[in-house]
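A.B. asks:
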Amino acid sequence: MTGKCSNPECAAPISCHEGKEKHTECEFWMKSNSPQSKTKTAPKKEKKSDLPWTGDALTIDELPKVTYRNTPVIIGIIGNADAGKTTYLAMLFTLLLRGIKLKEFDFCGTKTINAWDELYQKLRVQQQGVTFPDPTPAQYIRLLHLAIRNQAKKLKDILISDASGEVFSIWSKNRNDENAENARWIYEHSNAFILFIDCDDLINRKALAKTDIVDMAQMLKHDLRNRPVIAVWSKSDKKEEVHPIIREKLQEELQELFENYKEIDISNFSSDDPDVLVHKNNITVLDWLLSRVFTMSKSEILFENDSTINDIFLNYKST
Amino acid sequence: MGTSILLIGKPHSSKTVFLSQFYSKLQKNKSKLKLYKSVDDLSPISGAREALASGEEPQTTPSEKSVKFYLPIQVAEKQVDLKCPEYGGEQVLSIVENRELNKEWTASLQESNSWILFIRLNNVNKPLDISDVTYSEQHHKNEKGPVSETEYKISDQSFFIELLQILLHAKGTDYHKVNDKPKLTIVLTCWDEMNTEEKPYNVLQSKLPLLLNFLESNWDENYLNIVGLSAQGFSLTTPENKEKYQIEGPEEFGYLVLPDGAQTNDITELIEQALL
């Protein structure tokens, strides 16, 4: 059963914040998982369809649906809970729908359009304002797909991971923790990373928040090889409120850690049209990573060699 | 086996008015084209023909009505069937919602190399999303945002993209290649409602940009056509307009906007546009 605790600090169902042995017995858990809330997540009608894709996000087991045609580029999104990882994905599709294009590539399809569209609808302006996506459940790992074509009209599959922040927090403390499976999978299989820095968290928890990010960055570094990392300062409309010392120190420390690296500010709130933080930078994140991934692949043959393809099939099919 | 052109569109995308007007033009010799035989069953368009002849807006086809319809057209030496595998359009919705194609659809898609997709842009929603600057302003002022339905429904661009992905899959075309696809003609219907001087391509680009990206990256430019259509010509809500229809006859009206922006009064030219 998936679900989340009403206490945003709590990692249940992985472990209960209140120390209860069974998280289902905790009052905070029950609050947000009472039977009536089930109507919201009522299972869809059992549909029989002959199509090889469902339009929903892909799980690891389902990756061969996409990987049969070429080795995909996997982009791992890494960051603490509530740092804006899922919202980033929602914003990305929102911008594509508005006609904003990737620099070097054209959109040519997706096997996960229902998942993208649902995220997009979250950012639609409703009467009560915008409801941001719910926190991603802890056991959850899903991949969103984009098929893109380069200028030579060659097709590339991109998969972007969406996993809960809790598993990355656990992973950043102990990468072998049994509850950090999803983080390990993303770390092992991604070709490039987006590291989220939550400006809000830096404003509120200051140095504590900074330490968390640096811990995560160090874990990201341990077997990074030359995979590119882009650090994304999310909620950057508030970046000015982050204490300058914290800001500068964090910037320095990250720069020392990574080589194939860039940082960028993003936000969901425009103050201008077009707005650099919203309309341009959200797309630039992907542009930069893709340009790095594809320059690398020419020299280092990271992709498109047979052993990787076989490996992906073997790995994905079991679990 | 003759050539066939498939006409695809959601409910209320103006298929009925188009077919009814198309038929009237052929019948009254207002077209270069002719029927190569008489139509077996005119009942799907008979209501619309009567309504138009008396200057009334046709009733919309009940969308649950699953009717096949086709017009057998002689184009120069060629016999071409303009086919509507299912007339109401409900099955088109179901292809995306239930992810199923029935045998009829699969067979039609496989034998046809010319697809016409009707899109009525005035029915397409353009809800505000958070990336609209206006939103932030409203948000800060704490004003009420625009009303939108709460029930989840796939957005229009995603709908059309998924529809085409499914149709291509049924056709068995290879995603990898750009050329190897049926010719697709996108028809922006009820053109008169939009009050625009722009070319159809530009209108599609401003209203459904991601769909256009999808089309352009998957279809070779020679296989992709974007036109505008006003099968009725104008709305029949005013007495003057009604009278024009009653006196001159519906076949005198309606126009097609070609890709270069030029207008032609012969809506049957759509067939030449759609053929390879």
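These protein sequence lines map, in sequence, to chains A and B. Those letters in the first sequence? Residues 1 to 319, per the working numbering, in order. Those letters in the second sequence? Residues 1001 to 1276, per the working numbering, in order. Think of the CB as a built atom: it goes at the ideal place given N, C-alpha and C, for glycine as much as any other residue. Being a predicted model, the structure only gives us computed values, none of them experimental.
Using the rule of at least 16 other Cβ atoms within 10 Å of the residue's Cβ for burial, across every protein chain shown, is E118/A buried or exposed?
C.D. replies: Position 118 of the first sequence, counted from the start, is the residue given in the question as residue 118/A. It counts as buried.
A.B. asks: Is it true that the CB of T59/A sits closer than 8 Å to the CB of R184/A?
C.D. replies: Start at 1 with the first residue of the first sequence, and residue 184/A comes out as number 184. Start at 1 with the first residue of the first sequence, and residue 59/A comes out as number 59. No, the Cβ-Cβ distance between R184/A and T59/A is not below 8 Å.
A.B. asks: Output needed for E1057/B: all residues of its chain with C-beta closer than 6 Å, excluding positions within five of it in sequence on either side, in chain order.
C.D. replies: Reading the second sequence from its first residue, position 57 is the one you call residue 1057/B. Excluding positions up to five away in sequence, the list reads L1236.
A.B. asks: Does F329/A have its Cβ less than 8 Å from a Cβ in chain B?
C.D. replies: Shown here, chain A extends from 1 to 319; a query on residue 329/A therefore has no answer.
A.B. asks: Tell me which residues share the same chain as I1095/B and place their Cβ nearer than 8 Å to its Cβ, disregarding the 5 neighbours each side in the sequence.
C.D. replies: The count along the second sequence starts at 1 and reaches residue 1095/B at position 95. Contacts found: L1101, W1105, L1163, I1166, L1167.
A.B. asks: With a 10 Å radius around its C-beta and 16 neighbouring C-beta atoms as the bar for buried, classify G1264/B as buried or exposed.
C.D. replies: As a first step, residue 1264/B must be located in the second sequence, where it is residue number 264. In the sequence as presented, Gly is not what sits at residue 1264/B; that position holds Thr. That one is exposed.
A.B. asks: Nearest to K239/A by CA position, among I203/A, L224/A, D223/A, is which residue?
C.D. replies: Position 239 of the first sequence, counting from 1, holds the residue named residue 239/A. Among I203/A, L224/A, D223/A, the Cα nearest to that of K239/A is on I203/A.
A.B. asks: Taking the alpha carbon of I283/A as the point to measure from, which residue in N268/A, T295/A, L250/A has its own alpha carbon closest?
C.D. replies: What you label residue 283/A is simply residue 283 of the first sequence in a count that begins at 1. With distances taken between Cα atoms, I283/A lies closest to N268/A.
A.B. asks: Give a yes or no on whether the C-beta atoms belonging to T1196/B and V1187/B are separated by under 8 Å.
C.D. replies: For the purposes of this step, residue 1196/B is taken as the residue at position 196 of the second sequence. For the purposes of this step, residue 1187/B is taken as the residue at position 187 of the second sequence. Against a cut-off of 8 Å, the Cβ pair of V1187/B and T1196/B comes out as no contact.
A.B. asks: Show which residues of chain B have a CB atom less than 8 Å away from the CB atom of S49/A.
C.D. replies: Residue mapping note: residue 49/A aligns to position 49 of the first sequence, counting from 1. Those within 8 Å of S49/A in chain B are N1098, R1099, E1100.
A.B. asks: Unbroken alpha helix (DSSP H) runs of length 4 or more, entirely within the region 145-214 of chain A: which are they?
C.D. replies: At a cut-off of 4 residues, the continuous stretches assigned as alpha helix (DSSP H) that sit fully inside the region 145-214 of chain A are 165-173, 181-189.
A.B. asks: Is it buried or exposed for N1225/B, if we count other Cβ within 10 angstroms and need 16 for buried?
C.D. replies: For the purposes of this step, residue 1225/B is taken as residue 225 along the second sequence, with counting starting at 1. By the 10 Å Cβ count, N1225/B comes out buried.
A.B. asks: In whole angstroms, what separates the C-alpha of L1121/B from that of W1115/B?
C.D. replies: Taking the second sequence and counting its residues from 1, the one referred to as residue 1121/B is at position 121. Taking the second sequence and counting its residues from 1, the one referred to as residue 1115/B is at position 115. Each residue's Cα considered, the two are about 18 Å apart.
A.B. asks: Just to confirm, are P1182/B and N1113/B a CB contact at a threshold of 8 Å?
C.D. replies: Locating residue 1182/B in the second sequence gives position 182, counting from the first residue. Locating residue 1113/B in the second sequence gives position 113, counting from the first residue. The answer is yes: Cβ separation under 8 Å.
A.B. asks: Which one of P64/A, S172/A, H23/A, Q251/A has the shortest CA to CA distance from H145/A?
C.D. replies: Looking up residue 145/A in the first sequence gives position 145. The shortest C-alpha separation from H145/A is found at P64/A.
A.B. asks: What do you reckon, is the C-beta of F1118/B under 7 Å from a heavy atom of the ligand ZN?
C.D. replies: As for the ligand ZN, it is missing from this structure, which has no ligand bound.
A.B. asks: Closer than 8 Å, Cβ to any Cβ of chain B: which residues of the region 77-88 of chain A, in chain order?
C.D. replies: Against chain B - using a Cβ distance shorter than 8 Å - the region 77-88 of chain A contributes no residues.
A.B. asks: In the DSSP output, what is K1083/B paired with across the bridge?
C.D. replies: Within the second sequence, numbered from 1, the residue matching residue 1083/B stands at position 83. For K1083/B, which the question treats as bridged, DSSP gives the partners L1006/B, Y1070/B.
A.B. asks: When you compare the CB positions of V73/A and I158/A, do they come within less than 8 Å of one another, or not?
C.D. replies: For the purposes of this step, residue 73/A is taken as residue 73 along the first sequence, with counting starting at 1. For the purposes of this step, residue 158/A is taken as residue 158 along the first sequence, with counting starting at 1. Yes, they are a contact pair.
A.B. asks: Nearest-angstrom Cα distance between H243/A and R205/A?
C.D. replies: Position 243 of the first sequence, counted from the start, is the residue given in the question as residue 243/A. Position 205 of the first sequence, counted from the start, is the residue given in the question as residue 205/A. Between H243/A and R205/A, the C-alpha separation is close to 11 Å.
A.B. asks: Using a C-beta cutoff of 8 Å, does G99/A count as contacting chain B?
C.D. replies: Mapped onto the first sequence, residue 99/A falls at position 99. Yes, because at least one Cβ of chain B sits closer than 8 Å to the Cβ of G99/A.
A.B. asks: Near K1242/B, which residues of its chain fall below 6 Å by C-beta distance, leaving aside the five closest residues on each side in sequence?
C.D. replies: Taking the first residue of the second sequence as position 1, residue 1242/B is located at position 242. Here the set comprises G1055, L1236.
A.B. asks: Using a Cβ-Cβ cutoff of 8 Å, what residues of the region 114-125 of chain A are near chain B? List them in chain order.
C.D. replies: If the cut-off is 8 Å between Cβ atoms, the region 114-125 of chain A has N114, W116, D117, E118, Y120, Q121, L123, R124, V125 near chain B.
A.B. asks: Starting from R149/A, find everything on chain B with Cβ-Cβ shorter than 7 Å and list it in chain order.
C.D. replies: Walking along the first sequence from the start, residue 149/A turns up at place 149. Neighbours of R149/A on chain B, chain order: S1217.
A.B. asks: Please report how far the alpha carbon of P1200/B lies from the alpha carbon of V1075/B, in whole angstroms.
C.D. replies: Here residue 1200/B refers to the residue found at position 200 of the second sequence. Here residue 1075/B refers to the residue found at position 75 of the second sequence. Approximately 25 Å between the Cα atoms of the pair.
A.B. asks: How is N1202/B classed by DSSP in three states: helix, strand or coil?
C.D. replies: One-based indexing of the second sequence puts residue 1202/B at position 202. Correct three-state label for N1202/B: helix.
A.B. asks: Decide if G1172/B is buried, meaning its Cβ has at least 16 other Cβ atoms within 10 Å, or exposed.
C.D. replies: For the purposes of this step, residue 1172/B is taken as the residue at position 172 of the second sequence. Its Cβ having fewer than 16 others within 10 Å, G1172/B is exposed.
A.B. asks: Using the beta-carbon of each residue, which ones in chain A are nearer than 7 Å to F1160/B?
C.D. replies: For this step, residue 1160/B is matched to residue 160 along the second sequence. Per Cβ cutoff of 7 Å: no residues; F1160/B is ~10 Å from chain A at best.
A.B. asks: Tell me which residue opens and which closes the alpha helix (DSSP H) that N1213/B is part of.
C.D. replies: As a first step, residue 1213/B must be located in the second sequence, where it is residue number 213. Residues 1209-1218.
A.B. asks: Locate the alpha helix (DSSP H) running through I113/A, then write down its first and last residues.
C.D. replies: On the first sequence, position 113 is the one that residue 113/A refers to. Segment 113-122, the alpha helix (DSSP H) holding I113/A.
A.B. asks: Per DSSP, T1189/B is paired with what?
C.D. replies: The residue given as residue 1189/B occupies position 189 in the second sequence. T1189/B pairs with L1229/B.
A.B. asks: Check Q139/A in the structure and name its three-state DSSP category.
C.D. replies: Mapped onto the first sequence, residue 139/A falls at position 139. Looking at Q139/A - three-state DSSP - the assignment turns out to be coil, as it is neither helix nor strand.
A.B. asks: Quick one: residues in its chain with C-beta nearer than 6 Å to the C-beta of R149/A, no 5 flanking neighbours on either side, listed in chain order?
C.D. replies: Locating residue 149/A in the first sequence gives position 149, counting from the first residue. Here the set comprises D106, C108, L155.
A.B. asks: Here's the rule I'm using: 16 or more other beta-carbon atoms within 10 Å means buried, otherwise exposed. How should D1037/B be labelled?
C.D. replies: One-based indexing of the second sequence puts residue 1037/B at position 37. Checking the displayed sequence, the identity of residue 1037/B turns out to be Lys instead of Asp. Burial call: exposed.
A.B. asks: Contact defined as beta carbons within less than 8 Å: I believe M219/A pairs with S161/A. What is the distance between those atoms, to the nearest angstrom?
C.D. replies: As a first step, residue 219/A is located in the first sequence; it is residue number 219 there, counting from the start. As a first step, residue 161/A is located in the first sequence; it is residue number 161 there, counting from the start. Between S161/A and M219/A the Cβ distance is about 16 Å, and since that is not below 8 Å, they are no contact.
A.B. asks: Please classify D272/A as buried or exposed, where buried requires at least 16 neighbouring CB atoms within 10 angstroms.
C.D. replies: In the first sequence, the residue the question calls residue 272/A occupies position 272. Exposed, because fewer than 16 other Cβ atoms sit within 10 Å of the Cβ of D272/A.
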